[in-house]
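Peer 1:
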Amino acid sequence: MLRTAMGLRSWLAAPWGALPPRPPLLLLLLLLLLLQPPPPTWALSPRISLPLGSEERPFLRFEAEHISNYTALLLSRDGRTLYVGAREALF
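Remember, our numbering sits 1 above the position in the sequence shown when you count from 1.
1. Could you tell me the alpha carbon to alpha carbon distance between Leu76 and Leu26, rounded to whole angstroms?
2. Just the C-alpha distance for Phe63 and Val85, rounded to the nearest angstrom, thanks.
3. Measure the C-alpha to C-alpha separation of Trp12 and Pro39 and round it to an integer number of angstroms.
4. Can you tell me whether Leu35 is helix, strand or coil according to DSSP?
5. Got a sec, what are the start and stop residues for the beta strand (DSSP E) Tyr84 sits in?
6. Taking the C-alpha atoms as reference points, what is the distance between Glu57 and Ala65?
7. Using only alpha-carbon positions, find the residue among Gln37, Tyr71 and Leu51 that is nearest to Gly80.
8. Rounded to a whole number of angstroms, what is the C-alpha to C-alpha distance between His67 and Leu91?
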């Protein structure tokens with residue numbers, strides 16, 4: 002009876018008392034993932050900006066029928082052509 006009680010006690014204590022060994026590489030990768038710096042704010046700013054009402058900005062709004070989700074805007078180097086990328090369309 003004593004043996005069974007001791008065996009039961011050690012079986013109950015094992016899952017909570019001892020953690021399985023973890024590879025150090027996995028812990029290192031997890032630590033590196035958690036300690037990554039945030040992305041720089043300059044990456045979020047526009048490369049070219051034109052003030053509202055300037056002569057270089059001839060229109061105020063762009064839209065087309067049945068087109069939504071404008072995801073890419075690219076201004077040519079000379080500033081005369083604006084390429085607009087939308088879902089299933091390119092202008």
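All residues carry an ideal CB built from backbone N, CA and C; glycine is no exception.
These figures come from a predicted structure and were not determined experimentally.
Peer 2: A quick look at the data gives this:
1. 46 Å
2. 9 Å
3. For Trp12, the pLDDT reaches just 49, beneath the cut-off of 50, and the residue's location in the model is therefore unreliable, although a value from the coordinates is still provided. So the alpha carbons of these two residues sit roughly 45 Å apart.
4. helix
5. Leu83 to Ala87
6. 22 Å
7. Residue Leu51 is the option with its Cα nearest to Gly80.
8. 13 Å
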